[in-house]
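Notes follow the structure.
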Amino acid sequence: MRLVLLGAPGSGKGTQAKKLAVKYRIPHISTGDLLRAALATGTPLGQQAKAAMDAGQLVSDEIVLGIIRERLRANDAKKGFILDGFPRNIAQAQSLDGMLRNLDQPLDCAVLLDVDFDVLMQRLTGRRTCESCGATYNIYTNPPRLDDQCDRCGATLRHRADDNEVTIGNRLRVYESQTKPLIDMYRTQGRLETVNGVGDEDAVFKRMLTMLEPIAKGTRKPKLPPLPPPLPVKSKPPAKSAMRAKDRPPIAKSLKTQGKMPFNTHVKQAPTKKTSVKKVSGKYAMKKPASKSGYAKKKSTKTAKSAKKDKSGKRR
Ligand code: AP5
Ligand code: MG
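The sequence shown maps to residues 84 to 399 in the working numbering.
So this is what it looks like as structure tokens:
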């Protein structure tokens, strides 16, 4: 199963992706998590991404595509994956389609988790994440048993740096302007599924499973994305009439060098003079070209005659 989870910040992409990954035994790939991990370990990539993340803006496509390209090539992604937070704009979505086309692993669908904006702020300001195992809580809707301590592993819970009201506002604006257009794109291509993301986590998960059932059973085949438009032709050769015949390249040669030769086209080669090698007194010598055909003979006699004319045009 190969899915993209779409949805505003706080819509529950991470929460649902974790459950789906366990259910279908496929990796949960979150660009946000990968970038935060790079930031935490102080890699150059993390440092480059920091400013954009702190401001609630998108990290450059170049960085994010590099991360995703490498991650999708990993062995565990061959049996499927759940992409969370990627793609985030049209350019990323088109690059993803290109990557998956090359891997011959088309997306099954993009799933939109639909949640009203007024719910999102409460979900984001109340989120707490375990710094060790990544479990997510919410102090309003799903609090941990002990304050700031993970129920599962006992590690400390953290408030994400970008979950403050100013940055959340920016993230929501970026979602509206750059990510929302993806919804229309996938819908137009017939690859969008929408799931109501309001209600408790388990109720949303049940809806997800019902929607994904035909894909899990293999009764629904993925719809392929449209092919990218053909590359523009770089430069046109001058019109034939504007070129003197002697300057024109031989047709077969020019088509071949431009790589535009029709697949099965057979190019008749110009006849070459036949030469053979004959043994002359122990050494090898070239034999004269074979005698010409009738038409060729006539033509060469004519050429010989015209050569006999002097400069004034009179025959010598
Ligand atoms: P990212 O980490 O992807 O953040 P996001 O998209 O803003 O989404 P969130 O992780 O905040 O929300 P979520 O939908 O996962 O919700 P969750 O399940 O946690 O990206 C962070 C930054 O990285 C970006 O701003 C950008 O700078 C950069 N970045 C990432 N990807 C990028 C890309 N492709 N290109 C460029 N830049 C990129 O739930 C939220 C809260 O709600 C939790 O507390 C949870 O417990 C609670 N909750 C969940 N479901 C329910 C429910 N059904 N009922 C009640 N509470 C619920
Ligand atoms: Mg998330």
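Yeah, the Cβ is synthetic: ideal placement off N, Cα and C, and Gly gets one too.
{"Query": "Quick check: does the Cβ of D116 come within less than 8 Å of any heavy atom belonging to ligand 2?", "Result": "yes"}
{"Query": "Where DSSP assigns a beta bridge to D167, which residues make up the other side?", "Result": "L88, S113"}
{"Query": "Taking the alpha helix (DSSP H) that L195 belongs to, which residues open and close that run?", "Result": "Careful: L195 lies outside any alpha helix (DSSP H), inside the beta strand (DSSP E) at 192-197."}
{"Query": "Closer than 8 Å: is that where the CB of R119 sits relative to any heavy atom of ligand 1?", "Result": "yes"}
{"Query": "Would the region 252-272 count as touching the region 223-240 if we require 3 or more Cβ pairs under 8 Å?", "Result": "no"}
{"Query": "With the cut-off set at 9 Å, would you say T114 and G168 are in Cβ contact?", "Result": "yes"}
{"Query": "What is the DSSP secondary structure of V314, reduced to helix, strand or coil?", "Result": "According to the sequence shown, residue 314 is Leu rather than Val. The answer is coil: DSSP assigns L314 none of H, G, I, E or B."}
{"Query": "Exposed or buried, what is V142 when buried is set at 16 or more other beta-carbons lying within 10 Å of its beta-carbon?", "Result": "buried"}
{"Query": "Measuring alpha carbon to alpha carbon, tell me which residue in L196, G181, V198, D197 is nearest L190.", "Result": "G181"}
{"Query": "For the region 227-238 against the region 209-219, do three or more pairs of beta-carbon atoms, one drawn from each stretch, fall closer than 8 Å, so that the two count as touching?", "Result": "yes"}
{"Query": "What three-state label does DSSP hand Q455 in the structure shown?", "Result": "What is shown of the chain runs 84 to 399, which leaves residue 455 out entirely."}
{"Query": "Between which two residues does the alpha helix (DSSP H) containing Y269 stretch?", "Result": "264-271"}
{"Query": "Answer yes or no: do L265 and P110 have a C-beta to C-beta separation smaller than 9 Å?", "Result": "no"}
{"Query": "Compare the Cα-Cα distances from R243 to each of R108, A120, K263 and report the closest residue.", "Result": "A120"}
{"Query": "Under 8 Å by Cβ, that's how I've got L148 and L186 pegged, so tell me the actual separation to the nearest angstrom.", "Result": "Actually they are not in contact, since the Cβ atoms of L148 and L186 sit about 14 Å apart, beyond 8 Å."}
{"Query": "Taking V202 as the reference, which of A91, V194, V87 has the closest Cα?", "Result": "A91"}
{"Query": "Check the DSSP bridge columns for R211 and list the partner residues they point to.", "Result": "Y220"}
{"Query": "To the nearest angstrom, how far is the alpha carbon of R152 from that of G163?", "Result": "14 Å"}
{"Query": "Looking at the secondary structure, which residues open and close the beta strand (DSSP E) in which E276 lies?", "Result": "275-279"}
{"Query": "Quick one: grab the DSSP three-state call for K101.", "Result": "helix"}
{"Query": "Does the beta-carbon distance from I165 to L103 come in below 9 Å?", "Result": "yes"}
{"Query": "Run through the DSSP bridge pairs and tell me what L240 is partnered with.", "Result": "C213"}
{"Query": "Put N225 into one of helix, strand or coil per three-state DSSP.", "Result": "strand"}
{"Query": "Give a single yes or no on whether D245 has its beta carbon closer than 8 Å to a heavy atom of ligand 2.", "Result": "no"}
{"Query": "Rounding to the nearest angstrom, what Cα-Cα distance links L118 and A132 in this structure?", "Result": "7 Å"}
{"Query": "Which residue's Cα is closest to the Cα of D137: N247, R85, Q188, P313?", "Result": "N247"}
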